[in-house]
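Visitor:
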Amino acid sequence: MLLISRQHALTLRSPLGMVRSVVDIEPSAFRHGVDQDDMLHALRHHWCAYETDDDAVTMFIGPSTTAAPLEVGVVVDGQGTAIIHAMPAREKFLRGLEP
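Using this note's numbering, the first residue of the sequence shown is number -11, and each one after it goes up by one.
#1: For PHE25, name the three-state secondary structure that DSSP assigns.
#2: Cα-Cα, which of THR69, GLN24, THR53 and LEU58 is closest to VAL45?
#3: Using DSSP with H/G/I as helix, E/B as strand and the rest coil, what is ALA70?
#4: Need the endpoints of the alpha helix (DSSP H) that PHE81 sits in, please.
#5: In terms of alpha-carbon separation, which member of HIS33, ASP43, ALA17 and GLY66 lies closest to ILE49?
So this is what it looks like as structure tokens:
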């Protein structure tokens, strides 16, 4: 089954305030079975963000619609913003989040 990238309007927090953006969800983001609503919820309500080995990718950690922690990989480049990865958050991203 071929998945087609779709655009979603998204408002994110940033140091400069709220930023409205259009986000594509690439087919690779569905590889681990995460629903697009959960991806977008985790991105909108993320707790933290990490730089990755790839300068173009930022990993956001946030809750799914059922509060399960997700990691959502996002690329921002000349073509816009796209979610390229989503899965249940791995331990390496959850370390340091405990109170």
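Glycine included, each C-beta is placed from N, C-alpha and C at the ideal position.
Guide: According to the structure data:
#1: For the purposes of this step, residue 25 is taken as the residue at position 37 of the sequence shown. Inspection of the sequence shows that residue 25 is occupied by Asp rather than by Phe. ASP25 falls in the helix class under three-state DSSP.
#2: For the purposes of this step, residue 45 is taken as the residue at position 57 of the sequence shown. Out of THR69, GLN24, THR53 and LEU58, THR69 has the C-alpha closest to the C-alpha of VAL45.
#3: Start at 1 with the first residue of the sequence shown, and residue 70 comes out as number 82. In the structure shown, ALA70 sits in a strand (DSSP, three-state: E or B).
#4: Counting from one through the sequence shown, the residue named residue 81 turns up at place 93. 79 to 82 is the extent of the alpha helix (DSSP H) around PHE81.
#5: Within the sequence shown, residue 49 is the residue found at index 61, counting from 1. The candidate whose alpha carbon is nearest that of ILE49 is HIS33.
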